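K.L.:
2 protein chains.
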Amino acid sequence: MTLVTDATEADMRRRILVVAERLFREIGYQKTTVADIAKLLQMSPANVYRFFDSKKAIHKGVARHLMGEVEQAAETIARAPGSARQRLCDLLTTVHRMNCERYIGDAKLHEMVAIAMEENWDVCIAHMELVTGTIGEVIAQGVESGEFEVSDVPQAASCTCAAMVRFFHPQMIAQSFTKDRPTLEQMIDFVLTALGAKKRAPSSP
Amino acid sequence: MTLVTDATEADMRRRILVVAERLFREIGYQKTTVADIAKLLQMSPANVYRFFDSKKAIHKGVARHLMGEVEQAAETIARAPGSARQRLCDLLTTVHRMNCERYIGDAKLHEMVAIAMEENWDVCIAHMELVTGTIGEVIAQGVESGEFEVSDVPQAASCTCAAMVRFFHPQMIAQSFTKDRPTLEQMIDFVLTALGAKKRAPSSP
């Protein structure tokens, strides 16, 4: 019985989050009410509150989900075959692209991110730590294989993330739209050099 | 006569900006009116409008002044004696410290920055380009002296600035207060490695 109840509860939470995300995207976070979410699910607001004790908690769940997709994509790349160098490039590019798609040119999602950063900063911190951890995994593999030369992997991973802020952070991505330099590729090359990676095309002086 | 008139006009503009900056700091940008500024200068608002055609233009002048001080400090360091490595460290540290002092823990100045980024984005862009240019000068000197190994100096300068965004950008500095990693020193070391600088304390394995 407990297992079934757990499954039902997890399923209900998931359904609420799916509907909430849809409404946040369609009419915006501020304008969406718990009553709107309940109505679409054909249940009472009181029933929604059994699973999430506030709209803020629902927002947190939706934010976790959106960020979770990025985390999963990063992990999939980290565990794929290939050189550490190539996987690090793919990972950094993917996080940038996913954040661009999600948060740029979509004012409603942008509002959600701004609110997440104000109200659910812990979710953002956890997300950054997870992505930093995954980057650290790839760096460690690169050190192991002799591709990178790094003495402190966690430190190198946090510097890599910080160096990529302009390409990762929703607000920075939005502001950088007017700047054409550096390009993502140039920035990744810069980071690779900082990680002690050998140049792709060594120049003979 | 023209010279005297020019001097008087420049002097008047400067006086208006000094008073405006004081009021923006004391009561905030939104609450300050052109009438407030005129009153403190014992002149009519119409007279202020002879020198600046809007409050926005005054704001721009104040923002330019605040950013100009950082640019000057950076240039002074760039032209000082010493190794390029040391000057780059000093320059990056100084820009970080000055931006921390200016924009963090001072809600009124923070408001001004937010408005500058919305209304006078061109001033911000020009500031970033100037600081990037000064960083490029130091990098070029380091390449010249054999301290750095960089093939494209302007690109390396823009990557250095982008890598430091977390420590330079007022919004990022404010958000990073909860994060203890990477430290400024770790980030500068990371950048130095990306610029091909030799390690300070080479570790013998």
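Sequence lines, in order, name chains A and B. For the first sequence, position 86 matches number 86 in full-length UniProt numbering, and the numbering has no gaps at all. For the second sequence, position 202 matches number 202 in full-length UniProt numbering, and the numbering has no gaps at all. Using N, Cα and C, we set each Cβ at its ideal position, and we do this for glycine too. As the structure is a computational prediction, the values presented were derived from the model and not from experiment.
#1: Write down every uninterrupted run of the beta strand (DSSP E) in the segment 62 to 98 of chain B whose length is 3 residues or greater and which is fully enclosed by it, in chain order.
#2: Pull up the distance between the alpha-carbon of histidine 65 of chain A and that of arginine 166 of chain A, whole angstroms please.
#3: If you drop the 5 nearest sequence neighbours on each side, which residues of the same chain put their C-beta closer than 7 Å to that of threonine 76 of chain A?
#4: By the criterion of Cβ-Cβ separation under 7 Å, what are the contact partners of methionine 43 of chain B in chain A?
#5: Between the segment 76 to 108 of chain A and chain B, which residues of the former have CB atoms less than 8 Å from a CB of the latter, in chain order?
#6: For the alpha helix (DSSP H) containing residue 212 of chain B, list its first residue and its last residue.
#7: Let me make sure I understand the geometry here. Which of A:His59, A:Val95, A:Glu26 has the alpha-carbon closest to that of arginine 14 of chain A?
#8: Write down the C-beta distance between leucine 88 of chain B and glycine 136 of chain B rounded to the nearest angstrom, noting that I regard them as a contact closer than 8 Å.
#9: List the residues of chain A whose Cβ lies closer than 7 Å to the Cβ of serine 158 of chain B, in chain order.
#10: What residue range is occupied by the uninterrupted alpha helix (DSSP H) comprising isoleucine 135 of chain B?
#11: Whole angstroms are fine: how far does the CA of aspartate 189 of chain B sit from the CA of cysteine 159 of chain B?
#12: Which chain B residues sit within Cβ distance under 7 Å of phenylalanine 51 of chain A?
#13: Tell me which same chain residues have a C-beta within less than 8 Å of the C-beta of alanine 73 of chain A, skipping the five on either side of it?
#14: Flag this pair as touching only if the segment 118 to 132 of chain A and the segment 43 to 62 of chain A have three or more C-beta atom pairs under 8 Å; answer yes or no.
#15: Could you tell me which of A:Ala80, A:Phe52, A:Glu21 sits nearest to valine 138 of chain A, measuring between CA atoms?
#16: Using a Cβ-Cβ cut-off of less than 9 Å, list which residues of the segment 11 to 45 of chain A approach chain B; keep chain order.
#17: Enumerate in chain order the residues of its own chain whose CB-to-CB distance from glycine 133 of chain A is below 8 Å, with the five nearest sequence positions on each side excluded.
#18: Name the chain A residues that come within less than 7 Å of arginine 166 of chain B, Cβ to Cβ?
#19: Check for me: the alpha helix (DSSP H) holding glutamate 185 of chain A runs from which residue to which?
#20: Answer yes or no: does any C-beta atom of chain A fall closer than 8 Å to that of valine 153 of chain B?
#21: Could you tell me the boundaries of the alpha helix (DSSP H) in which threonine 160 of chain B lies?
#22: Suppose the cutoff is 8 Å on Cβ atoms and the five residues either side in sequence are ignored; what does the same chain contact list for proline 182 of chain B look like?
#23: Report the rounded CA-to-CA distance for leucine 92 of chain B versus glutamate 71 of chain B, giving the unit in angstroms.
#24: Expressed to the nearest angstrom, what Euclidean distance is found between the alpha-carbon atoms of methionine 128 of chain B and phenylalanine 148 of chain B?
#25: Less than 8 Å between the C-beta atoms of leucine 17 of chain B and glycine 61 of chain B, yes or no?
#26: Going along the segment 117 to 148 of chain A in order, which residues come within less than 9 Å of chain B, judged by CB to CB distance?
#27: Throw me the rounded Cβ distance for the alanine 84 of chain B and serine 145 of chain B pair, which I believe falls under 8 Å.
#28: Go ahead and label aspartate 106 of chain A buried or exposed: buried means 16 or more other beta carbons lie within 10 angstroms of its beta carbon, across all protein chains shown.
#29: Among the residues of its own chain, which have a CB less than 6 Å from the CB of valine 113 of chain A, if the five just before and after it don't count?
#30: Can you find a C-beta in chain B that's less than 8 Å from the C-beta of alanine 63 of chain A?
#31: Under three-state DSSP, which class holds leucine 109 of chain B?
#32: So, with DSSP's three-state summary, where would you put phenylalanine 148 of chain A?
#33: Less than 8 Å between C-beta atoms, sequence neighbours within five positions excluded: which residues of the same chain meet that for alanine 20 of chain B?
P.N.:
For this structure:
#1: none
#2: Here residue 65 of chain A corresponds to residue number 65 of the first sequence, with the count starting at 1. Here residue 166 of chain A corresponds to residue number 166 of the first sequence, with the count starting at 1. Straight through space, the alpha carbons of arginine 166 of chain A and histidine 65 of chain A are spaced by roughly 23 Å.
#3: Numbered from 1 along the first sequence, position 76 holds the residue referred to as residue 76 of chain A. The answer is none, since no qualifying residue turns up.
#4: Locating residue 43 of chain B in the second sequence gives position 43, where the first residue counts as 1. Here the premise fails: no neighbours, minimum Cβ distance about 37 Å.
#5: none
#6: A query on residue 212 of chain B cannot be resolved here, the shown segment of chain B reaching from 1 to 205 and no further.
#7: Residue numbering aside, residue 14 of chain A sits at position 14 when the first sequence is read from its first letter. Closest by alpha carbon: A:His59.
#8: Here the question's residue 88 of chain B lines up with position 88 in the second sequence. Here the question's residue 136 of chain B lines up with position 136 in the second sequence. That belief does not hold up - the Cβ atoms of leucine 88 of chain B and glycine 136 of chain B are roughly 11 Å apart, past 8 Å.
#9: Mapped onto the second sequence, residue 158 of chain B falls at position 158. Correct list: Arg181, Pro182.
#10: Within the second sequence, residue 135 of chain B is the residue found at index 135, counting from 1. Isoleucine 135 of chain B -> alpha helix (DSSP H) spans 121 to 144.
#11: For this step, residue 159 of chain B is matched to residue 159 along the second sequence. For this step, residue 189 of chain B is matched to residue 189 along the second sequence. Rounded to whole angstroms, cysteine 159 of chain B and aspartate 189 of chain B show a C-alpha spacing of 14 Å.
#12: Within the first sequence, the letter at position 51 stands for residue 51 of chain A. Going along chain B, no residue has its Cβ under 7 Å from phenylalanine 51 of chain A, so there is no contact; the nearest lies around 29 Å.
#13: Walking along the first sequence from the start, residue 73 of chain A turns up at place 73. Cβ neighbours of alanine 73 of chain A beyond the five flanking positions: Thr94, Val95, Met98.
#14: yes
#15: Start at 1 with the first residue of the first sequence, and residue 138 of chain A comes out as number 138. Comparing Cα-Cα distances from valine 138 of chain A to each of A:Ala80, A:Phe52, A:Glu21, the minimum goes to A:Ala80.
#16: none
#17: Numbered from 1 along the first sequence, position 133 holds the residue referred to as residue 133 of chain A. Taken in chain order, the residues that qualify are Ala157.
#18: As a working note, residue 166 of chain B is residue 166 in the second sequence. The contacting residues are Ala162, Val165.
#19: Here residue 185 of chain A refers to the residue found at position 185 of the first sequence. 184 to 194 is the extent of the alpha helix (DSSP H) around glutamate 185 of chain A.
#20: Here residue 153 of chain B refers to the residue found at position 153 of the second sequence. It does not; no Cβ of chain A falls within 8 Å.
#21: Here residue 160 of chain B is taken as the residue at index 160 of the second sequence, counted from 1. Per DSSP, threonine 160 of chain B belongs to the alpha helix (DSSP H) from 153 to 163.
#22: As a first step, residue 182 of chain B must be located in the second sequence, where it is residue number 182. Around proline 182 of chain B: Phe190.
#23: If you number the second sequence from 1, residue 92 of chain B lands on position 92. If you number the second sequence from 1, residue 71 of chain B lands on position 71. One C-alpha to the other measures close to 12 Å.
#24: Here residue 128 of chain B corresponds to residue number 128 of the second sequence, with the count starting at 1. Here residue 148 of chain B corresponds to residue number 148 of the second sequence, with the count starting at 1. Cα to Cα, methionine 128 of chain B sits roughly 22 Å from phenylalanine 148 of chain B.
#25: Sequence index remark: in the second sequence, residue 17 of chain B carries index 17 (1-based). Sequence index remark: in the second sequence, residue 61 of chain B carries index 61 (1-based). Taking 8 Å as the Cβ cut-off, leucine 17 of chain B and glycine 61 of chain B qualify as a contacting pair.
#26: Those would be Met117, Trp121, Cys124, Ile125, Met128, Thr132, in chain order.
#27: The count along the second sequence starts at 1 and reaches residue 84 of chain B at position 84. The count along the second sequence starts at 1 and reaches residue 145 of chain B at position 145. That belief holds up - the Cβ atoms of alanine 84 of chain B and serine 145 of chain B are roughly 6 Å apart, short of 8 Å.
#28: Taking the first sequence and counting its residues from 1, one reaches residue 106 of chain A at position 106. Result: exposed.
#29: Residue 113 of chain A sits at position 113 when you count from the first residue of the first sequence. Once the five neighbours on either side are set aside, the close Cβ partners of valine 113 of chain A are Tyr103, Pro170.
#30: As a working mapping, residue 63 of chain A is identified with position 63 in the first sequence. Cβ-Cβ to chain B under 8 Å: no for alanine 63 of chain A.
#31: For the purposes of this step, residue 109 of chain B is identified with residue 109 of the second sequence, where counting begins at 1. If DSSP states are grouped into helix, strand and coil, leucine 109 of chain B belongs with the helices.
#32: Along the first sequence, read from residue 1 onward, the residue named residue 148 of chain A stands at position 148. Note: phenylalanine 148 of chain A maps to coil in three-state DSSP.
#33: Numbered from 1 along the second sequence, position 20 holds the residue referred to as residue 20 of chain B. Result list for alanine 20 of chain B: Thr32, Ile37, Ile58, His59, Gly61, Val62, in chain order.
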